[in-house]
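Protein chains in written order, with my numbering: chain V, 82 to 667; chain S, 2 to 280.
Glycine included, every Cβ here is placed at the ideal spot set by N, Cα and C.
Since the structure comes first, as structure tokens, the remarks are kept for the end.
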Amino acid sequence: MSKREPVSNDTTGGRGYSRRAMLAGSAGLTVATSGCVRQVRTVVNRDDVEQLSLTITTLPADGDRESIQLAREVAAVLEAAGIDVSIEMRSNEEFLRAVLINHDFDLCVGQHPGGTDPDFLYEALHSLYADESGWQNPFGFANLRVDDLLEEQRRTDGDDREAAVEELLEEVVREQPFVPICVPEEHRMVRTDRFDGWEDGHPATRLGYLGLEPSEGTDRLRAVHVDARPSQNINPLTAEYRDHDPFVDLLYDSLATERDGDLEPWLAESWAYEDGVLEVQLREGCRFHDDEPLDADDVEFTYELLRDTELEEGESPSPPPQYRGPAGIVEDVERRDDHELELEVDAGEAVAERALTVPILPEHIWDDRATPATVPGVRVAGGTTEAVTTDNVPPIGSGPFRFGSRTERAHLTLERYDDHFTLRNDVDLPGPTVGELRIQIDPRSTSAIELVSTDSADVTSSILETYVLDDIEEADDTAMLESPSWTFYHLGFNARRAPFGNPRFRRAVAGLIDKAWLAEDVFHGYAEPTATPVADEWTPDDLVWDGEDPVTPFLGGDGDLDVDAAREAFEDAGFRYDGETLRVRR
Amino acid sequence: MLVQVLVQLAVVVTLMTLAGIALFVGRYRLRETRVEWKDRVRAATPITVVLAVVLLGNSVARQIVPDLSWMIDWNPTWEIYDLEGQFILWLQSFETPVLTAYFSFIYIYGYVFLLVFPVVAYFALSNTRPLRELLTAYTLNYTLGLLLYIFVIAYGPRNLLPEVQALMYDTYPQYQHLTRQVNRNTNVFPSLHTSLAATVGILAYRTRDVYPWWNLVAGVLAISVAISTIYLGIHWAIDVLAGIVLAYVCVELSRVFVGRWSLSERVALQRWLPSIRRQ
């Protein structure tokens with residue numbers, strides 16, 4: 082405004098202000114106001130400090146009864162600590178889609194697939210995976226020290242590896258990238274009058290359904306599963322539909338199979354490790370269910386596909402959301418002949434074998450799927466390929482059972498694959514002993530139990546919910562089967578969002594969770610509280626649960642939070658309170 | 002199991018309907034119906050066809066509704082819970098085996114009877130308008146209900162509060178085979194059970210001069226159905242309120258629609274019938 086006047090004055094030929102004087106005047110005014118504005122700006126342009134408000138994403142009781150209860154208990158203690166909490170329930174596949182694929186969550190509560198070997202943490206926590214979709218680092222956790230230790234435990238063997246794992250676990254519990262809450266017991270109900278040998282294999286793996294001894298005249302194994310997803314999608318690479326179920330492993334073979342934590346030859350007749358190279362000898366004469374031969378080309382193809390589902394045709398790699406940990410061990414595959422391969426691995430012997438657990442996919446089917454998925458008129462996110470989005474019905478694998486039929490949300494029926502190598506006379510491995518494996522979908526544990534007790538089913542392939550266990554009546558021709566568990570319930574933080582990237586905040590939250598009380602109250606005692614996410618034999622002595630959490634003990638007792646102590650913990654972590662509410666800068 | 006439950010349901014509802022005919026409809030109206038049934042069927046045919054199409058479409062559409070809903074992804078379950086709190090737990094604190102038996106009976110048998118009987122009762126009237134309004138209101142309920150189900154993802158109380166007892170399924174597990182055919186767990190807002198029951202209730206009130214006793218029975222049944230959905234832990238109280246609102250909207254709309262259609266029908270018939278006859 083001040084500049085306009087002199088211009089008009091000049092043109093009208095003047096009322097005595099020289100141009101220079103005006104310039105000097107306006108410059109002075111600018112200086113004066115700019116100082117004032119800067120001060121205003123420093124006061125006004127600050128992000129507001131508001132109550133911390135977060136959403137816990139979890140499953141409804143129909144999906145996982147324990148998860149929603151845990152989520153509500155976590156919500157209650159967070160609210161007591163002055164945080165505004167809401168809970169969002171999502172169905173099984175939508176929960177995984179939000180957490181694993183889109184990373185669209187603040188906190189999540191659910192079951193983590195875990196693993197029998199601590200190497201699963203490489204997949205779960207390595208920062209290289211923070212930008213990928215799937216069980217590989219859904220938390221967006223990034224810590225160089227943890228990365229180093231993850232790599233060290235991969236490369237070492239024996240005592241060195243044990244020491245590396247110990248150091249890794251200590252760093253992990255210090256950082257609390259997620260809070261491991263408890264390890265649930267796995268109970269299933271089986272009929273003993275129709276089948277024997279239930280204890281020989283873990284019922285969450287293929288071995289649980291192979292080598293069973295049927296009674297006279299029994300040619301049909303009837304499983305009842307409470308989760309409908311296996312009837313909707315049978316793609317080994319679709320993370321949203323895969324969980325703790327054995328059916329993909331029955332349809333697809335892997336080179337090795339796991340028994341009690343150790344790996345045994347399966348599709349590979351043998352292997353040998355030397356200096357970062359796994360020499361693998363395939364079984365000869367194996368065929369896929371569509372009668373196409375299975376040879377070294379398919380194995381090579383599988384590892385390529387698991388590295389990049391576009392097979393290096395895209396602008397950048399599109400890794401699948403499944404099997405990243407084991408497949409990532411393999412750096413290069415060299416085919417020697419039809420049945421001999423060399424896998425160049427970036428790992429010591431102990432971890433290298435883990436690479437052999439991925440399902441071998443037929444090249445002649447999956448080659449066409451290595452292209453970006455398209456939906457007319459919709460922009461599809463980069464890296465979304467047919468391979469990870471197809472429902473893969475009918476699935477063509479080489480496993481001991483082949484696809485028979487399915488009705489969504491009702492059943493998935495598999496048939497014995499008569500050409501499977503386990504049925505050969507010279508192979509001493511458990512094979513399919515029944516002509517048909519029918520997986521009936523029934524949404525509740527109570528009715529699943531009823532189906533087994535009324536002789537309408539032989540096994541509850543899903544883990545029974547803990548609340549029904551006390552009411553199960555003993556009978557002569559049924560039995561309860563308890564199996565070791567490597568999954569665990571956890572509270573996950575999305576470190577991509579403030580303040581969950583702050584380890585001090587995560588540690589403070591961990592201190593609000595009474596794991597022992599939750600294991601007792603929510604799981605009716607059928608769970609073990611835990612401080613570490615790995616199996617007992619890998620847990621270092623000073624991280625063993627001894628009545629309370631050795632690292633982040635509960636601030637309170639018997640389920641009752643000491644609210645003052647909780648607030649102090651957050652204040653010690655650098656957060657502020659305004660009255661009752663925890664304030665953060667957003 | 003499902004077949005057994007269905008047969009049982011058919012037998013019980015048939016018996017109840019026969020009793021209802023004897024008690025409320027009466028011999029006089031039946032005699033008249035025997036004479037006039039052709040005209041009445043003709044009058045009710047268009048809307049019956051529409052209803053049948055909607056019901057068929059509904060059963061197909063329900064397969065894809067969950068996927069559509071998750072694409073829209075509006076999930077207000079927590080807000081519903083925040084608003085009404087633990088009302089259900091309070092209601093369930095009055096639980097007795099007798100109440101559970103009563104409300105389970107109402108939820109399955111009472112409900113189906115409540116929907117079937119007025120079709121028979123209104124068919125027995127010379128004036129076909131109540132019948133057509135009833136069928137139109139049913140059609141609207143299913144159509145608007147399905148639309149709401151597409152836009153709203155809401156889980157029932159049982160899913161958020163596992164301590165809410167699934168009273169009916171725990172006591173009579175056979176029924177879940179039936180309800181599972183019809184219901185998806187993300188479709189609880191609004192309560193279609195309530196809205197259809199309330200629809201019958203409102204219409205029964207409007208026809209109370211013709212069927213005074215049915216008005217009373219329908220009222221009691223409709224209120225029982227509404228309470229049963231909450232008591233059995235299937236719906237939130239807010240779903241029930243929304244169901245009542247939906248019922249009111251459907252009844253009002255059906256009144257408007259039936260007026261229009263019968264008018265257009267008359268015009269159309271007068272114009273078309275002579276030409277058809279001439280042919």
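For residue i, the residue or residues it bridges with in DSSP
i	result
Gly357(V)	Gly357(V) is not bridged to any residue.
Ala658(V)	Position check: residue 658(V) holds Tyr in this sequence, whereas Ala was assumed. According to DSSP, which records beta bridges pairwise, Tyr658(V) is partnered with Leu663(V).
Gly191(V)	His571(V)
Trp352(V)	Val361(V)
Met170(V)	Thr139(V)
Gly638(V)	Asp641(V)
Euclidean distance between Cα positions of residue i and residue j
i	j	result
Asp198(V)	Thr613(V)	13 Å
Glu174(V)	Arg483(V)	24 Å
Leu52(S)	Arg130(S)	16 Å
Leu1(S)	Met169(S)	Within the shown structure, residues of chain S are numbered from 2 to 280, placing residue 1(S) beyond reach of any answer.
Thr470(V)	Leu135(V)	30 Å
Glu147(V)	Glu233(V)	35 Å
Leu10(S)	Ile441(V)	50 Å
Val13(S)	Phe106(S)	11 Å
Arg85(V)	Val124(V)	Confidence in Arg85(V) is poor, its pLDDT being 44 and thus under 50, which makes the residue's placement unreliable; the coordinate value appears in the next sentence. Roughly 31 Å between the two C-alpha positions.
Ser564(V)	Asp343(V)	16 Å
Pro475(V)	Ala44(S)	50 Å
Gly458(V)	Val66(S)	21 Å
Thr514(V)	Leu348(V)	18 Å
Asp551(V)	Val254(V)	33 Å
Tyr498(V)	Gly278(V)	21 Å
Leu545(V)	Ala491(V)	19 Å
Thr230(S)	Val241(S)	8 Å
Phe104(S)	Gln87(S)	20 Å
Gly655(V)	Arg127(V)	19 Å
Glu283(S)	Leu115(S)	Chain S is shown from 2 up to 280; residue 283(S) falls before or after that span and cannot be answered.
Thr466(V)	Pro398(V)	11 Å
Leu422(V)	His268(V)	40 Å
Trp237(S)	Val533(V)	33 Å
Tyr82(S)	Arg368(V)	55 Å
Val329(V)	Thr319(V)	11 Å
Met339(V)	Leu92(S)	Correcting the residue type first, residue 339(V) is Glu in the shown sequence and not Met. Looking at the two C-alpha atoms, the distance is approximately 51 Å.
Ile89(S)	Val189(S)	15 Å
Ile522(V)	Ser312(V)	8 Å
Leu270(S)	Thr46(S)	Confidence at Leu270(S) is low in this model, with a pLDDT of 49, below 50, so the placement of that residue should be treated as unreliable; the coordinate-derived value is given next. For Leu270(S) and Thr46(S), the distance between alpha carbons rounds to 14 Å.
Terminal residues of the beta strand (DSSP E) in which residue i lies
i	result
Glu247(V)	From DSSP, Glu247(V) is part of no beta strand (DSSP E) but of the alpha helix (DSSP H) over 239 to 256.
Met270(V)	267 to 272
Gln150(V)	Note, Gln150(V): premise wrong, no beta strand (DSSP E); alpha helix (DSSP H) at 142 to 161.
Phe484(V)	482 to 488
Leu16(S)	Element bounds for Leu16(S): not the beta strand (DSSP E) but the alpha helix (DSSP H), 3 to 21.
First and last residue of the uninterrupted alpha helix (DSSP H) at residue i
i	result
Phe382(V)	377 to 388
Val50(S)	27 to 73
His445(V)	444 to 447
Pro119(S)	112 to 124
Gln234(V)	225 to 236
Val533(V)	526 to 534
Val329(V)	328 to 332
- Task: Kindly provide the ranges of any alpha helix (DSSP H) runs that are 4 or more residues long and lie completely inside the segment 154 to 216 of chain S, ordered along the chain.
- Result: For the segment 154 to 216 of chain S, whole alpha helix (DSSP H) runs of length 4 or above, ordered along the chain, are 158 to 161, 168 to 172, 176 to 183, 193 to 207.
- Task: Please list the residues of the segment 474 to 488 of chain V that have a C-beta atom closer than 7 Å to any C-beta atom in chain S, keeping them in chain order.
- Result: Along the segment 474 to 488 of chain V, there is no position whose C-beta sits under 7 Å from a C-beta of chain S.
- Query: What are the residues of the segment 395 to 422 of chain V that lie near chain S, defined by any Cβ-Cβ distance shorter than 9 Å?
  - Reply: Residues of the segment 395 to 422 of chain V that bring their beta carbon within less than 9 Å of a beta carbon in chain S are absent altogether.
- Query: What residue ranges within the segment 546 to 596 of chain V form continuous beta strand (DSSP E) runs of no fewer than 3 residues, ordered along the chain?
  - Reply: As far as the segment 546 to 596 of chain V is concerned, its whole beta strand (DSSP E) runs of at least 3 residues are 559 to 564, 569 to 574.
- Query: What residues from the segment 129 to 160 of chain V come within 7 Å of chain S, judged by C-beta to C-beta, listed N to C?
  - Reply: Answer in chain order: Pro141, Ala142, Asp143, Arg146, Ile149, Gln150.
- Between the segment 187 to 198 of chain S and chain V, which residues of the former have CB atoms less than 9 Å from a CB of the latter, in chain order? Result list: Thr187.
- Message: Give me the subset of the segment 74 to 91 of chain S whose CB atoms are less than 7 Å from a CB atom of chain V, sorted by chain position.
- Response: Result list: Asn76, Thr78, Trp79.
- Could you name the residues of the segment 152 to 169 of chain S whose beta carbon sits closer than 7 Å to any beta carbon of chain V, in the order they occur along the chain? Closer than 7 Å at the C-beta level to chain V, one finds these residues of the segment 152 to 169 of chain S: Tyr156, Arg159, Asn160, Leu161, Pro163.
- Task: Mind checking the segment 54 to 73 of chain S against chain V and listing, in chain order, the residues whose C-beta falls within less than 7 Å of any C-beta there?
- Result: Near chain V, meaning a CB-to-CB distance below 7 Å, the residues of the segment 54 to 73 of chain S are Trp71.
- Item | Against chain V: residues of the segment 213 to 228 of chain S by CB proximity under 8 Å | Nothing from the segment 213 to 228 of chain S brings a Cβ to less than 8 Å from some Cβ of chain V.
- Listed in chain order, which residues of the segment 164 to 176 of chain V have Cβ atoms closer than 8 Å to some Cβ of chain S? The residues in question are Ser167, Ile168, Glu169, Met170, Arg171, Ser172, Glu175.
- Unbroken beta strand (DSSP E) runs of length 3 or more, entirely within the segment 404 to 479 of chain V: which are they? Qualifying beta strand (DSSP E) stretches, in chain order: 411 to 418, 421 to 426.
- Message: At a CB distance below 8 Å, what residues from the segment 516 to 535 of chain V approach chain S? Give them in sequence order.
- Response: For the segment 516 to 535 of chain V, which is checked against every Cβ of chain S, the residues closer than 8 Å are Pro524, Arg525, Thr527, Ser528, Glu531.
- Message: Residues of the segment 94 to 125 of chain S in Cβ contact with chain V at a cutoff of 7 Å, in chain order, please.
- Response: Across the segment 94 to 125 of chain S, no CB contact with chain V closer than 7 Å is found for any residue.
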